[in-house]
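Asks: Got a structure here, written out as structure tokens. Questions coming.
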Ligand SMILES: Cc1cc2nc3c(=O)[nH]c(=O)nc-3n(C[C@H](O)[C@H](O)[C@H](O)COP(=O)(O)OP(=O)(O)OC[C@H]3O[C@@H](n4cnc5c(N)ncnc54)[C@H](O)[C@@H]3O)c2cc1C
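As structure tokens, then:
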């Protein structure tokens, strides 16, 4: 397994308790929009078994063309040892990335793409939205719906609306479900969902109650986990 140890180059605050950690991009490091990676801190692989408290799944919130690997996460005052350590890293200190992979490639099938996210889950959709700005072929419209009780309106200025992209930010789950139910009038749409497992289950229930076929629902899970979520 290839492990890349990459220096921290910059930290950007995106909102209250929300930060993007920018890592140096090596020439041979490639990923597709929507990909996730394993992010690990120093010491994670010194014992016989990997120390899981020093490893997290994270989406890459940038595109390769931006020249940086961005990881966006929320760090609240009460947080895990992983997040505490991350927040205390100094510029130049290294973070390990490995097993980078995308389960949710952008499908260009002439259908509207709906991006449904909770909180910082929107980070997964940032590069997907930017890629659509660069190449709109096969996607007549893209709409992002984000629910976040912290009212961060993450990336709002970076992902401006245009004739083929729109976005809505809501603060409550009830407003989210109202907006989602309206969307499901589109039986041909592709529905991408990112958030906690509970959010995935609840959103998939609404989609399936509206007779959206499972082939049109995209979630960031391995093939063997898809069956459980889309049963
Ligand atoms: C495919 C995939 C992609 C993912 N992508 C991302 C991503 O891009 N960004 C991202 O942020 N996460 C992402 N995640 C989730 C990520 O892996 C972590 O599970 C998540 O960030 C929570 O991190 P944490 O366990 O360090 O907990 P924390 O974020 O530190 O804590 C989780 C919650 O528990 C509370 N808490 C923690 N410790 C304490 C304490 N001691 N006392 C009181 N309250 C406490 C926190 O305030 C917070 O509300 C992804 C997961 C998967 C599976």
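Residue numbers (this note's numbering): 78 to 308.
Ideal placement from N, C-alpha and C gives every residue a C-beta, glycine not left out.
(1) In the DSSP assignment, the beta strand (DSSP E) including residue 81 goes from what residue to what residue?
(2) Taking 7 Å as the line, does the beta carbon of residue 232 fall inside it for any heavy atom of ligand 1?
(3) Quick one: is the Cβ of residue 297 within less than 7 Å of any heavy atom of ligand 3?
(4) Grab me the residues of residue 248's own chain with a C-beta within less than 8 Å of its C-beta, minus the 5 sequence neighbours each way, in chain order.
(5) Going by CA-CA distance only, name the one from 193, 208 and 264 that's closest to residue 252.
(6) For residue 239, which option in 231, 221 and 101 has the closest C-alpha, if you only look at C-alpha atoms?
(7) Ligand 1 and residue 226: does any heavy atom of the ligand fall closer than 7 Å to the residue's C-beta?
(8) Counting C-beta neighbours from all protein chains within 10 Å, is the total for residue 151 16 or more, i.e. buried, or is it exposed?
(9) Look at the alpha carbon of residue 204 and the alpha carbon of residue 144, and state the distance between them as a whole number of angstroms.
(10) Is there contact between the segment 286-295 and the segment 260-276, where contact requires at least three CB pairs shorter than 8 Å?
(11) Who are the Cβ neighbours of residue 241 in its own chain at under 6 Å, not counting the five residues just before and after it?
(12) When you compare only the Cα positions, how much space is there between residue 257 and residue 97?
(13) Taking residue 251 as part of the alpha helix (DSSP H), name the residues at either end of that continuous run.
(14) My understanding is that residue 195 touches residue 149, with C-beta atoms under 8 Å, so please give their C-beta distance in whole angstroms.
(15) Any heavy atom of ligand 1 closer than 7 Å to the beta-carbon of residue 88?
(16) Can you find the residues in the same chain that come closer than 6 Å, C-beta to C-beta, to residue 121, ignoring five residues on each side of it along the sequence?
(17) When you compare the CB positions of residue 271 and residue 281, do they come within less than 8 Å of one another, or not?
(18) For a test of the three-state rule: what should DSSP assign to residue 272, helix, strand or coil?
(19) Under a criterion of Cβ closer than 5 Å to any non-hydrogen atom of ligand 1, which residues qualify, in chain order?
(20) Can you say whether residue 123 is buried or exposed, counting buried as having 16 or more other CB atoms within 10 angstroms of its CB?
(21) What do you reckon, are the CB atoms on residue 181 and residue 295 nearer than 8 Å?
(22) In the DSSP assignment, the alpha helix (DSSP H) including residue 131 goes from what residue to what residue?
Replies: In this structure, then:
(1) 80-92
(2) no
(3) Among the ligands present in this structure, namely ligand 1, ligand 3 is not found.
(4) 224, 225, 226 and 228
(5) 193
(6) 221
(7) no
(8) buried
(9) 13 Å
(10) yes
(11) 213 and 218
(12) 28 Å
(13) 250-260
(14) Not quite, the Cβ-Cβ distance comes to about 14 Å (not below 8 Å), so this is no contact.
(15) no
(16) 127, 128, 131 and 132
(17) no
(18) coil
(19) 113, 133, 134, 135, 136, 150, 153, 155, 156, 157, 159, 160, 197, 200 and 297
(20) exposed
(21) yes
(22) Where residue 131 is concerned, there is no enclosing alpha helix (DSSP H), given that its DSSP letter is neither H nor E.
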